[in-house]
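Notes to accompany the following structure.
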Amino acid sequence: MTAPAAPLITWFGDDFTGSAAVMEVLAFAGLETVLFSDIPSPALLARFKSARAIGIASTARTHSPAWMQDALPAPLQFLHRLGAPLLHYKVCSTFDSSPTCGNIGKAIEIGLDITGARAAPVLTAAPQMRRYQSFGHLFAGTFDGVHRLDRHPVMAHHPVTPMDESDLMAHLSRQTSLASALIDLEALWADPQPALDAALEQGARLLSIDSMDPASEQAAGKLIWDNRAALRFVAGSQGVEYALVRHWQNTGLIPASPAPTSAGQVAQIAAVSGSVSPSTAQQIDWAQAHGFAIIRFDAARALASPEAMAREIAMATDHAVTAANAGLSPLVCSATGPNDPAVAAFRTALAASPITMETANAMTGQALGGVLDAVLTRTDIRRAVISGGDTSGHGMRVLKLDALQARAPTIPGAALCTGYGDSPHDGLEIALKGGQMGSEDFFGWIRDGGGPR
2 MTAPAAPLIT
12 WFGDDFTGSA
22 AVMEVLAFAG
32 LETVLFSDIP
42 SPALLARFKS
52 ARAIGIASTA
62 RTHSPAWMQD
72 ALPAPLQFLH
82 RLGAPLLHYK
92 VCSTFDSSPT
102 CGNIGKAIEI
112 GLDITGARAA
122 PVLTAAPQMR
132 RYQSFGHLFA
142 GTFDGVHRLD
152 RHPVMAHHPV
162 TPMDESDLMA
172 HLSRQTSLAS
182 ALIDLEALWA
192 DPQPALDAAL
202 EQGARLLSID
212 SMDPASEQAA
222 GKLIWDNRAA
232 LRFVAGSQGV
242 EYALVRHWQN
252 TGLIPASPAP
262 TSAGQVAQIA
272 AVSGSVSPST
282 AQQIDWAQAH
292 GFAIIRFDAA
302 RALASPEAMA
312 REIAMATDHA
322 VTAANAGLSP
332 LVCSATGPND
342 PAVAAFRTAL
352 AASPITMETA
362 NAMTGQALGG
372 VLDAVLTRTD
382 IRRAVISGGD
392 TSGHGMRVLK
402 LDALQARAPT
412 IPGAALCTGY
422 GDSPHDGLEI
432 ALKGGQMGSE
442 DFFGWIRDGG
452 GPR
């Protein structure tokens, strides 16, 4: 009996929704793919022994460089030892980070040290998701058009990691002293190998790679794969996987992607949301008009004490179960958008408390996960959504789901998945959605089973 082949790629995600987005790209390309919520036990890993792509999700995007130094080496070393030719540190496609929170530069330093890579490609653009990089500058699409990142209506005003710089290497220069170089569109449209060779010869350790269209994406994937011995540690969004899959299929390493399917419609789902994104606000408005009961979780009041937190969880759960028993799909949210008075109330309560923003966000995410856990336990609902990247990470842990496999696509980066774990929720169908992601009718699409449109 032959031993299983080493995976083609491993990845470590700095939030849960982004980690799931990588899984989706690879799974819907036909590769057996699994995403773990932590370093898996030998028994759990053996359950997925034929996987060709293996990832671990984290909440690194919300943490400090000191936390990263303590927490990142073990999972990165575990993934590196699985023997894949590439290890990817997955970051948000809007590059959410700062020197003090979600420091991508620090993560790259750790990854380069563990893998011994000569340099780290940084490929953040994902044209399929309307994320574009041109001559080093990142652009991102919204419902109302495409914006340069420092003029983006959400990211330029993000409450934790506002983006005032669209040149990603300029942004990273605040987080690390590693030398950088750019592989730009002109190089990608011709032959990027000479530009890469020159950058490495000059000592660049960070290689920012443009991507705007199928041609540049294909060239980026080829460049990374052809130079995988030197560039075995990669940073970026799921654009890394989109580029690699395009190259792998173009060269016949993997076959063409199978046709996607739906998981089928159900009468009800349960959802929780910790996002304050304008995009999520529109999705909540749509849900309220289409068979969902919007239930408030008062995060400001919950911060007062453990007893207050328990009361808010119990109250939201009771309202959600009542809605479910009435035939509605409960959607429990801490806010309905950035202008919701609940956001200001939360900040006011936090200012009067010794609790840090990081801790308060974690508490809220865990609480919403607790509400979802209780609703699923007290009803027959077996399909769920968690909205918000940080909320997804905390919620998954409360549900004790240790692994995910993609089941049906929706918009890129928010597939309907099956969750696994030593938990009553083993086999739960669940979608994890970043705050600024998804169609306006996303919650309804999940209720319908996802799949192509």
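To get our numbering, take the position in the sequence shown, counting from 1, and add 1. Don't be surprised by glycine CBs; every beta carbon is placed ideally from N, CA and C.
A straight line joining the alpha-carbon of Leu207 with that of Met438 spans about 28 Å. Closest in alpha carbon position to Glu218, among Glu242, Ile105, Ala108 and Leu197, is Glu242. Apart from sequence neighbours up to five positions away, the residues of its chain that approach Trp249 with a beta-carbon distance below 6 Å are Ile255, ordered along the chain. Classified as exposed, Gly328 has fewer than 16 neighbouring CB atoms from the shown chains inside 10 Å of its CB. In the DSSP secondary-structure assignment, Ile10 is bridged to Ala54. With contacts defined by Cβ atoms closer than 8 Å, Leu173 and Ser181 form a contacting pair. Leaving aside the five residues that flank Asn251 on each side, the residues in its chain whose CB is nearer than 7 Å to its CB run, in chain order, Gln219.
In this structure, the straight-line span from the alpha carbon of Phe444 to that of Gly338 is close to 16 Å.
If you keep only unbroken alpha helix (DSSP H) runs of at least 4 residues inside the segment 113-166, you get nothing at all. A straight line joining the alpha-carbon of Leu183 with that of Thr378 spans about 51 Å. Taking C-beta atoms under 8 Å as the contact rule, Phe17 and Gly394 qualify, at a distance of about 4 Å.
With distances taken between CA atoms, Val23 lies nearest to Ser238 out of Leu429, Val161, Gly117 and Ser238. Closest option to Ser274, judged by alpha-carbon separation, among Ala188, Asp165 and Val386: Val386.
Lys107 carries a helical assignment under DSSP once its states are collapsed to helix, strand and coil. Residue environment for Phe136: exposed (fewer than 16 other C-beta atoms within 10 angstroms of its C-beta).
As the crow flies, the alpha-carbon of Ala415 is around 24 Å from that of Ser51. In this structure, the CA atom of Arg48 is about 19 Å from the CA atom of Phe13. In this structure, the alpha-carbon of Pro425 lies about 54 Å from that of Ala191. Ala432: not part of any alpha helix (DSSP H); member of the beta strand (DSSP E) spanning Glu430 to Lys434, first to last residue. Contact between the segment 320-336 and the segment 362-381 is present, with at least three C-beta pairs closer than 8 Å. Taking all protein chains in view, the Cβ of Arg53 is crowded by 16 or more other Cβ atoms within 10 Å, so the residue is classified as buried. In this structure, DSSP gives His89 an extended state, which the three-state scheme calls strand. The segment 335-415 contains, as complete beta strand (DSSP E) runs of 3+ residues, the segments 384-388 and 404-409 (chain order). Under the three-pair Cβ rule at 8 Å, the segment 90-101 counts as touching the segment 151-170. Distance from the CA atom of Ala118 to the CA atom of Leu429, rounded to whole angstroms, is 38 Å.
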